[in-house]
Amino acid sequence: MDALVLRDGKLWFYERLGGNLSEGRQVLVNFSGPSLSKIRNPTVLELTDWDGDGDLDVIMTDEATANESDCPRLKLRYLEHVQNANAANASFSLVEGEAPKLVPLSDLFECSLHMVAQVVDWDQDGREDMLFWSHEQIRYFRNRGGELHEVPEGSNPFNGLALCKASDRQEVFRVTDWDDDGDFDIIVACYSEHYAMAFRGVIYAEQLADGTFMTAPGGVGSVMSFGTAGFQAIDWNGDGLTDLFTGSSVYVRSRSTAFVERKESMNPFAGLSFTDGRPQLVDWNMDGHLDLLVAEPAKLRLFTQVQGRPVEDDMDFDLVPLVWNGARTGITAVDWDSDGDTDLVVTSSDGLIRVFDNDGVQLRELNASQHFLGVSVPLKLSQWHRQEGQPLQLIDWDQDGDLDLLLGPGVDGPCGAAFFEQVAGKLVRRENHSFCDLPSTGDFQSDWAWKVMDCDGDGDLDLIRYWYEHYKHYSYQGAVSCKQEDGRLRCDMPCFPQSFPDDRVSYAMRGLAAGDWDNDGDIDLLVLQNGADQEPYVRDPGFCTPPQVCSGRGSCLGSGQCSCNKDRSLSDCSGCAVGYYTSSYKFGNPHVHSCLQCPCDSAGAACAARGVCVDDAYAQFTMDRAMDRASRPYETVVKGNGSCICAAEAFGGFDSAGHRTCTEGGCPAGHIETYMNVTRLGHPSIHHSLSCQICPAGSFADSQECRQCRPGRYATLGSSACAACQAGKYSQTLGASECKDCPIGRHAPEASLSCISCDFGQIPSSGGTSCVVCNGQRGLLVYAVDETGLQCTLPPLQWIALLAFFVSLVCCLCFSAMAFAYVVPIADITRQIEGSVIITSHGGHWLRGAASVSFSSTGVPWLDTIDTQQWNVKRVSKERLLLHAHGEGRPMETSVGWFRLGVWTALWHAGYLNVPLACWILAFGAVALGAALSGFLTPLMLSAVGFVAVLCTLGVQFRQQQNCANTPISESRTRFLEQLRQSGPAKPIAVERGAARGVALKQLLFFQEFFQTFIRDRNMYFVSSNLVIPLTARDLVSYAELVGPKALSWFVSHYWGMTVRHFMEALQRHGHHVAGEGRGLAYWVCTFSNSQHHIKEELGNGDICSSSFFKAMHDRRCQGTLMVLDEEALPLQRAWCLFEVFQTFRLCHERRKEDQEAARYQGFVMSTSSGVLSAGVGGTDVCMAVAERLAALDLRSAEATDQRDLKLIHALVENAPGGFESINALVRISIRDALITVYDRFHGDFQRLIETLNASVPSSIRIAETLPASEHSLVRL
């Protein structure tokens, strides 16, 4: 903070350096300069950034130019801080006119030069406002968008605020937050107008929470005189307290450190009394607040802290000895075992230490072996200490995490104290310790107790010494503190600067305890006085009592907060509580107003709990909601009028003052009075009150609740009673709002729950009040009422109706079951030469023409789309359908599966005798329904016949399902398994995946021959789904395990889309080439060697090196890889075939290093249906076609059904040396070698043929001469 001083017609600037104002001063504004010559008698009010340009401007008053009138006037001047101004006016320029938009003072206070003003953001909206004070009037101008608007008298917070006498002159006036409560207060200095400006005193007006002021003379301290220069309220030293600066002096506030006694309502221990008690402040319940433990000679008492005040606890301390061998025991409260509960440690005069453990419910004494204090410490105590109790404290003095033992003062030892350090669970006495270096507290003084605690908050333990003094016939007690520094106790550096007590009271003080009772960060002292009727009190450093506690309308809690009377609210009890309103309120009135209760009933409920009161809270909330506070032109504080707003129109009544009370009136008929949500009334705190609720339809108002009508009665909306249903109407439900009419042929008396009618076969009684069953009607027989309706007779058409019902019901159920589960087994699906697809059903399909069907279990993926696609078919014959297939190139060959029709399609597109099923179902259903409703069949008869019909339907469906399951291919598979059991293994032989699952060549050829009727020119997809998977379904094994596995000789790589015939011929050619007739050869073929029921496991569960393919190829018994090719070389376009080729070349490379293995392993061999290419026995045309295909084929284009497999195999090849380029080259080299072999063999055969022909022709004829010229080259070849 720097300083500005107006002196000698100049505004001087003093810079603050190092805490002091600089001697070198600077002229900030020279009012005698030419540009400021209009200013006659300047008075600087404020330096503030009025125009918001970032620098400080000057606002001041000046005596206006005299006119004809003798009345003096003041003028408000505005000096704007201007950049680059000349030195004559020190960077300030006088601004006149409307630019500053200031208030002309001559219009405010006429004929007065005694005016004080201040620029302050009173409404705290971020814009500077202005306050003007002259005599007894303070006028408030609010800054709205840079313009000042005067707040009207009714909303002026200073209206009626009289601080000085009317005859005084107010030269000093400041607005500041003096008491640090967040709102502005007022400080004024009053001077006498008639006695040479004699200083009368300082007046302090504290602003209360409700906006009113409470005056407190001398509330700012003992400042005697400010002169007439005024003062500034600022925080000069930055300690958070507001100081006063007068221009020549600085009055610095400081927080008091003296121990001030809390009295009356400020004393949290008021009302307590003890008999010779020894107090301790300890957090007994571990809630973060100190509690009070007092040891009296006959009783140990515990007081827990609740909202700042002690409340006595009923803890049982009967086990704790208070007197031992005629001397009082020493009791220390501490959590000795660190279990979260406060325990008690008791010492006696003979040195015995006893521990009472607290388990949260009660105390129990521990034996000596259960704690580290189980030792006897010899004590030699003075008579004083024997009388006061044994001195013992458990503290972590060395801060090593465990408790140490301190005995003292007054024990046997060199310094009256003994210190025991805990080491490994045992106490070790230390002779040299900090408590031996304590200086004397004074003449005739001795320490009688110590309290070890961190009293300065620095993390180290300090010492508070309770002393006593005997001088002549007087006795005194007090306390001093010693601060720990570097492990030593410094009594010249106390925790609190003043010894206690400073008034040296006599022996009225009986006990002391130290602790931060109110959690305000400083140490408080609890004082127990002599005498049973003397209550304890607290001395608190820095505690100051406000001039009037809680505005005189409440009491102060131990925490310093106010506990307001029931009619008061707000933090200082200055406002009215909910249900109370202000009486005779005048905004700004410095006197605490009265709060009157809203009209209430005999129970004390405001507005009889039947509405809300227009109290102060309601009035202010309504105003704030109606207009946003920031948008108002001025502050508006409104108060309630005490009248009630009733929650229902039926409530009313007025008291003697004319306030509506809501105590009279009641709810109208059909309504009940109950608590309801009344937020619509707009009270900020009251959301529920009694109101009138109309009873809904179906209920009536009964006292204070709406009760539902019983069955047989009804009520409309707002009914006061339920009415009985009229005759011919009924009500079956509880809470009916109307009665229903009875159907034709039934009747009901008044208040009926249901309508009454005679059932079929019943006749009315003689009186017509009830119905009786026809005589003799029992079980299955029906006795019908005769034509008169009064007698029972046996109907002649009963058996005809029974037969019609049974037959029609069975037929209806059978046709319905067919429609709702229309499934037809497939005998065969074949693509004809011309491209059409023919479906052959097993048994009749009953379709009448074209229809849409879906397929399932066919083994053809694009056919089995039952949930996504429908296929169009057309009837060809009773058992054949024409399929309109999408995608002519896709294979659709299968002999298994089903096709089904939707319910709607089956009902109208399938039928019997060319009549739709729906018609048959409706016809038979109508006959069954007619028979059931004919009246000739009893319910029991209908149930029995219906049950038999259902059983018959189930039998028919079961028989039909058995017939449908026996398709030609399923019967052929059954015969195959029977023949296999006779000639092969009786049950499958399970072997490990891989090389052990080879299939002998003869077994493969036998398989082809047995199922040739179904296989024909179909591929492996057909074989897998139609034959291999069903054959192995029962045992879930591979085909090789089913027929008897063999150790493989060759691994076969092939494409499933190749015809089985071509595949088997290629294997047969290879077998003849390798082993003559192929005997003893076993081939590993994935279709037959893998379990088609465990494909994921066969592929290694994502680990390609664990797959069956990999294990079979890498087996030492494998002689090579045989790739079955056709002219299109399709296997090399599949990713798994690519993997097999890659593994074969790797094995060739690895086994070249092993001469014996390399000689036996033949590597990559290609074979076609015409022969083995590498042996030169394949057809030349086939070999040429394969070579041309491979010359342009890139193995990168290989595909796979699962893209994850494709990525895995690509990564494997690419990471190998040479990558795809190397694999492509190796494959082409293999076909090249095969071509060379074919060429050599063809050339040799051709030469032999030429030589044979030449030998058969006479030598005199030259062959070359008889041939055309174009053939010469061929002969040369």
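No gaps in the numbering here: position 1006 of the sequence shown is 1006 in the working numbering, and each next residue is one more. We put the beta carbon where it would ideally sit given N, CA and C, even for glycine.
Start-to-end residues for the alpha helix (DSSP H) that takes in residue i
i, result
"residue 1070", "1060–1075"
"residue 1013", "1012–1015"
"residue 898", "No alpha helix (DSSP H) holds residue 898; the beta strand (DSSP E) holding it covers 898–900."
"residue 925", "917–932"
"residue 618", "616–626"
"residue 1151", "1135–1151"
"residue 814", "798–820"
"residue 908", "903–909"
Spatially closest choice to residue i from the options, by CA coordinates
i, options, result
"residue 155", "123, 164, 653, 674", "123"
"residue 799", "704, 941, 159", "941"
"residue 852", "1213, 823, 859", "823"
"residue 618", "975, 680, 605", "680"
"residue 133", "284, 82, 61", "61"
"residue 446", "466, 304, 965, 1027", "466"
"residue 1114", "825, 1084, 1124", "1084"
"residue 638", "359, 210, 551", "210"
"residue 522", "565, 562, 453", "453"
"residue 648", "1097, 678, 624, 1052", "678"
"residue 892", "1174, 1151, 1019, 482", "1019"
"residue 1028", "706, 1007, 1048, 1047", "1007"
"residue 741", "1186, 753, 735", "753"
In DSSP terms, what residue i is bridged to
i, result
"residue 1096", "Residue 1096 is not bridged to any residue."
"residue 450", "465"
"residue 357", "364"
"residue 875", "881"
"residue 427", "422"
"residue 484", "489"
"residue 186", "175, 205"
"residue 688", "677"
"residue 724", "713"
"residue 305", "310"
"residue 894", "829"
Assigned exposure category for residue i - 16 Cβ within 10 Å defines buried
i, result
"residue 1144", "buried"
"residue 1009", "exposed"
"residue 1240", "exposed"
"residue 185", "buried"
"residue 1229", "exposed"
"residue 767", "Residue placement at residue 767 is flagged as unreliable, the pLDDT there being 40, under the threshold of 50; a coordinate-derived value is accordingly withheld."
"residue 331", "buried"
"residue 267", "buried"
"residue 926", "exposed"
"residue 116", "buried"
"residue 229", "Note that residue 229 has pLDDT 49, beneath the 50 cutoff, so the model's placement of it is unreliable and the number below is only indicative. Looking at its Cβ environment, which holds fewer than 16 other Cβ atoms inside 10 Å, residue 229 is exposed."
"residue 152", "exposed"
"residue 895", "buried"
"residue 1236", "exposed"
Endpoints, the beta strand (DSSP E) within which residue i is located
i, result
"residue 234", "232–234"
"residue 1084", "1082–1084"
"residue 580", "580–583"
"residue 291", "291–295"
"residue 417", "Here residue 417 belongs to no beta strand (DSSP E), and DSSP marks it neither H nor E."
"residue 151", "Unbroken run through residue 151: none, as it is neither H nor E."
Mind pulling the alpha helix (DSSP H) runs of 4 or more residues that sit fully within the region 939–965? Residue ranges of uninterrupted alpha helix (DSSP H) with 4 or more members, entirely inside the region 939–965 and ordered along the chain, are 939–965.
At 3 residues or longer, and completely inside the region 656–684: list those beta strand (DSSP E) runs for me, N to C. 660–664, 671–677
Segments assigned beta strand (DSSP E), at least 3 residues, entirely inside the region 1018–1055: 1050–1053
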